[in-house]
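So our numbering is basically just the index in the sequence shown, starting at one, shifted up by 1375. The C-beta atom is built at its ideal place from N, Cα and C for all residues, glycine as well. Note that this is a predicted model, so its numbers are computed, not measured. Reviewing the structure listed below.
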Amino acid sequence: MTATSPANISIPLQIDSVVKRFDEVTAVAGISLEVHERACLGLLGPNGAGKTTLIRSIVGRVRPDSGSVLIFGQPASSLAARKELGWVPQELALYPLLTSRENLDAFGHYQGLRGKALREGIQWCLEWASLADRADSVVKTLSGGMRRRLNMAAGLIHRPRIVLLDEPTVGVDPQSRNHIFEMVEALRAAGATVIYTTHYMEEAERLCDSIAIVDHGRIIAQGSKDDLVAQSFGTRSDVLMRLAAAAPVSAAWTEARGGTLQDGVAHFPVDRPSDIASLLEAAARDGLDVVDLVLRRPNLESVFLQLTGRDLRQ
């Protein structure tokens, strides 16, 4: 299938068997992936998993050793692909001594915008980022959250159809984070396709239709949050029980009933909430006092730990 075939020119992102090695290290080991229009894909992976190399392959900064990356049917390194793609890296890339408007004017020129298209792009950015009232403020006087929003606007002033946001909420307060969520949702409502990387599971759960988990250079799981939880845990839930007993007693009692003791809390997998009753009856029969008990359904973080054995930031 060629890069311009009708079957793939309408697909925002196609990654086919991409491999990238650095000397003896294989950073990406045969990843294939498709992202369709108006979707929001969460790309998650612990440090060193190959996610950064994959992102740089998507934006044309890294040339794969084999395989292909297509943006609307065009090679990621091509001018046609770059016009369709907007990349907002984690690092702020703003001119601190220029105003918000002057920054947007500069980045608009970098994207080839002139005249009316540039003026409309600047106005859209200021409104989308809720910075219209700070258009003539020097960047170094803006709050961290404002700078982060301006950074996003600067990267997307050309109104690309596919947007890659790399850790867009790093270092911002909760109010600014929620504002960024609203900006992402507005992009999708306007028809953009979004690829979203984050170290915060709750962000992926809120914003993303599907999740791709990368580890050791491969995609080890992909699907909606609910699908991933069901694949990893089925209908099981986790009962967390804190016992008023010495650690050796609690550990022995917990292990005898198929659980594990972690930081003084007994964890039991259960298929039905009604299974809690038998645990409480067993504790009472054995003379153990239950201080606290919580029923917890597995979430995306549970899936991540189950599949990788690591915290997202490790």
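- Secondary structure at GLY1496: helix, using DSSP grouped into helix, strand and coil.
- For secondary structure counted as the beta strand (DSSP E) over 3 or more consecutive residues, the region 1456 to 1528 holds these complete runs in sequence order: 1460 to 1463.
- In this structure, the straight-line span from the alpha carbon of PRO1471 to that of GLY1546 is close to 17 Å.
- HIS1591 sits away from GLU1542, with the two beta carbons spaced by 8 Å or more.
- The beta-carbon separation of GLU1459 and ILE1446, rounded to 5 Å, stays under the 8 Å limit for a contact.
- For ARG1396, the enclosing beta strand (DSSP E) stretches over residues 1388 to 1397.
- Counting along the chain, the unbroken alpha helix (DSSP H) around ILE1651 starts and ends at 1650 to 1660.
- DSSP, reduced to helix, strand and coil, places GLU1630 within a helical segment of the structure shown.
- Straight across, the Cα-Cα distance linking VAL1393 with GLY1420 is about 17 Å.
- In this structure, the alpha-carbon of HIS1533 lies about 13 Å from that of LEU1562.
- Looking at LEU1680, ARG1523, ARG1671 and GLN1637, the one whose alpha-carbon comes closest to that of LEU1506 is ARG1523.
- Residue burial annotation: LEU1675 is buried, with at least 16 other C-beta atoms found within 10 angstroms of its C-beta.
- If you look at ARG1563, you'll find it in the alpha helix (DSSP H) that goes 1549 to 1564.
- Bounds of the alpha helix (DSSP H) holding PHE1608 are 1600 to 1608.
- Ranked by how close their Cα comes to the Cα of ALA1658, the residues TRP1628, ASP1398 and ARG1647 have TRP1628 in first place.
- Taking a C-beta distance under 8 Å as the contact criterion, ALA1414 and ASP1584 qualify as a contact pair.
- Boundaries of the beta strand (DSSP E) harbouring ARG1617: 1612 to 1618, taken from the DSSP string.
- Under the Cβ criterion (8 Å, minimum of three pairs), the region 1399 to 1410 counts as touching the region 1429 to 1440.
- Residue LEU1654 holds the alpha-carbon nearest to the alpha-carbon of GLY1634 among ALA1620, ALA1619 and LEU1654.
- Counted as a single uninterrupted DSSP element, the alpha helix (DSSP H) harbouring VAL1678 occupies residues 1675 to 1683.
- An exposed status is given to SER1649, since fewer than 16 other beta-carbon atoms sit within 10 Å of its beta-carbon.
- The continuous beta strand (DSSP E) containing GLU1409 extends over residues 1400 to 1410.
- For ARG1431, the enclosing alpha helix (DSSP H) stretches over residues 1426 to 1433.
- Shown here for LEU1663: same chain residues with a beta carbon closer than 6 Å to its own, the five before and five after excluded, namely LEU1618 and ALA1620 in chain order.
- One Cα belongs to GLY1566, the other to LEU1582, and the distance between them is close to 15 Å.
- When the Cα atoms are used, LEU1682 and GLY1417 turn out to be separated by approximately 16 Å.
- Here the region 1546 to 1557 makes contact with the region 1502 to 1522; the two share three or more CB pairs at distances below 8 Å.
- Between the beta-carbon of LEU1479 and that of CYS1500 there is about 5 Å, and that keeps the pair under the 8 Å contact cut.
- Restricting attention to GLY1530, GLN1498 and ILE1555, the CA atom closest to the CA of PHE1482 is found in GLY1530.
- It is roughly 42 Å from the alpha-carbon of ALA1504 to the alpha-carbon of LEU1615.
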